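A.B. asks: Residue numbers (my numbering): 1 to 156.
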């Protein structure tokens with residue numbers, strides 16, 4: 001009976017931890033890597049995303065493509081001097097700030113627009129940038145709260 005007063009505090013603490021873990025989680029952005037049918041396909045894809053250090057981009061495709069992580073000049077020229085990954089899906093970790101450039105080196109895919117440029121920002125406490133929160137990461141805290149709620153009213 002004496003522990004009943006402690007349960008709300010424990011429950012709130014656990015829920016708070018789950019929320020903090022969810023808000024600090026890195027985002028995984030999934031990209032359907034295709035030769036675009038419109039010039040703004042990749043511009044539209046990145047328009048509502050904020051890429052931060054620790055995030056990743058998952059490139060996935062269903063036909064013949066590859067991904068090359070290239071320099072700005074290689075991106076502009078659709079040329080490759082770096083390594084190419086041909087198996088999919090490809091998960092690229094964003095481990096540092098700055099611009100990142102990706103192209104497909106199959107045939108003329110890059111020249112037809114299959115290339116992506118992103119800017120990676122610090123993942124600090126900057127409240128001006130939107131951050132990705134996985135709803136699934138909230139489930140542990142919600143489950144604990146539900147168990148407490150049900151057990152509290154069960155024993156009243």
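Note that beta-carbon positions come from the ideal geometry of N, C-alpha and C, so glycine has one too.
Note that the structure is predicted; figures quoted are calculated from it, not measured.
1. Please state whether DSSP places residue 47 in a helix, a strand or coil.
2. Sort 51, 75, 95, 27 by Cα distance to residue 109 and report the nearest one.
3. Mark residue 96 as exposed unless 16 or more other C-beta atoms lie within 10 angstroms of its C-beta, in which case mark it buried.
4. Taking 7 Å as the threshold (C-beta atoms), are residue 69 and residue 102 in contact?
5. With a 10 Å radius around its C-beta and 16 neighbouring C-beta atoms as the bar for buried, classify residue 125 as buried or exposed.
6. Would you call residue 48 buried or exposed, if buried means 16 or more other Cβ atoms sit within 10 Å of its Cβ?
7. Could you give the distance in angstroms between the alpha-carbon of residue 64 and the alpha-carbon of residue 77?
C.D. replies: Reading it off the structure:
1. coil
2. 75
3. exposed
4. yes
5. Its pLDDT being 48, under 50, residue 125 is placed unreliably in this model, and the value from its coordinates should be taken loosely. Residue 125 comes out exposed.
6. exposed
7. 21 Å
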